[in-house]
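To start, the structure under review is shown below, and the notes come after it.
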Amino acid sequence: MNKNKKINVKGVDILLYQNNHEDFISLTDIARHKDPNHTDDLVKNWMRNRNTIELLGFWETIYNPNFKPVEFDGFRKQAGLNSFVMTPKRWIIHWQYKILYTAIVNFNEYTRNEK
Numbered sequence: 001m002n003k004n005k006k007i008n009v010k011g012v013d014i015l016l017y018q019n020n021h022e023d024f025i026s027l028t029d030i031a032r033h034k035d036p037n038h039t040d041d042l043v044k045n046w047m048r049n050r051n052t053i054e055l056l057g058f059w060e061t062i063y064n065p066n067f068k069p070v071e072f073d074g075f076r077k078q079a080g081l082n083s084f085v086m087t088p089k090r091w092i093i094h095w096q097y098k099i100l101y102t103a104i105v106n107f108n109e110y111t112r113n114e115k
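Quick note on numbering: the UniProt record's numbering labels position 36 of the sequence shown as 36, and the sequence is numbered without any gaps.
Here it is in structure tokens:
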């Protein structure tokens with residue numbers, strides 16, 4: 001069962017989403033607090049950060065049985081370089097990892113249905 005609720009943090013509504021007892025939070029809504037007109041750029045910049053890539057990789061190591069650490073290591077080394085570009089969509093398509101896949105698909109469906 002899908003459950004959605006919003007919390008208000010410093011005047012910004014942030015979507016909390018629950019699906020099959022897994023909780024998700026909208027990165028786009030969090031980015032909206034910093035710059036409501038360029039949330040996509042903020043999320044992309046956050047995702048290209050080496051620390052973020054390390055965190056996502058650590059999460060996948062724990063929760064994703066299909067995670068390929070050797071393959072990920074080569075990818076991780078690119079993180080933080082000026083030439084490195086990362087988006088949620090690229091992460092999903094390239095890696096098929098759990099941490100962003102379910103959240104992004106479901107948030108997009110929720111947003112489309114809400115409007």
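We treat Cβ as the ideally placed atom computed from N, Cα and C, and that holds for glycine.
Please look up how many angstroms separate the CB atoms of residue i and residue j, rounded, as I've assumed it's under 8 Å.
| i | j | result |
| --- | --- | --- |
| Val9 | Arg32 | About 10 Å; that fails the 8 Å criterion. |
| Ile30 | Leu16 | Not really, about 11 Å apart at Cβ, beyond 8 Å. |
| Phe84 | Gln78 | 5 Å |
Look up residue i in the DSSP assignment and say whether it is helix, strand or coil.
| i | result |
| --- | --- |
| Lys3 | strand |
| Gly11 | coil |
Under a CB-based cut-off of 8 Å, is residue i close to chain D?
| i | result |
| --- | --- |
| Asn20 | As a matter of chain content, chain D is missing from the structure shown, which is built from one protein chain. |
Is it the case that the Cβ atoms of residue i and residue j are separated by a distance below 8 Å?
| i | j | result |
| --- | --- | --- |
| Thr52 | Thr39 | no |
| Gly80 | Asn45 | no |
Measuring alpha carbon to alpha carbon, tell me which of the options ends up nearest residue i.
| i | options | result |
| --- | --- | --- |
| Glu22 | Asn37, Val43 and Lys3 | Lys3 |
| Glu54 | Pro69, Asp41 and Ile7 | Pro69 |
| Phe58 | Ile93, Met86 and Arg76 | Arg76 |
Beta strand (DSSP E) runs wholly inside the UniProt domain "KilA/APSES-type HTH DNA-binding" (13–113), at least 3 long, in chain order: 22–25
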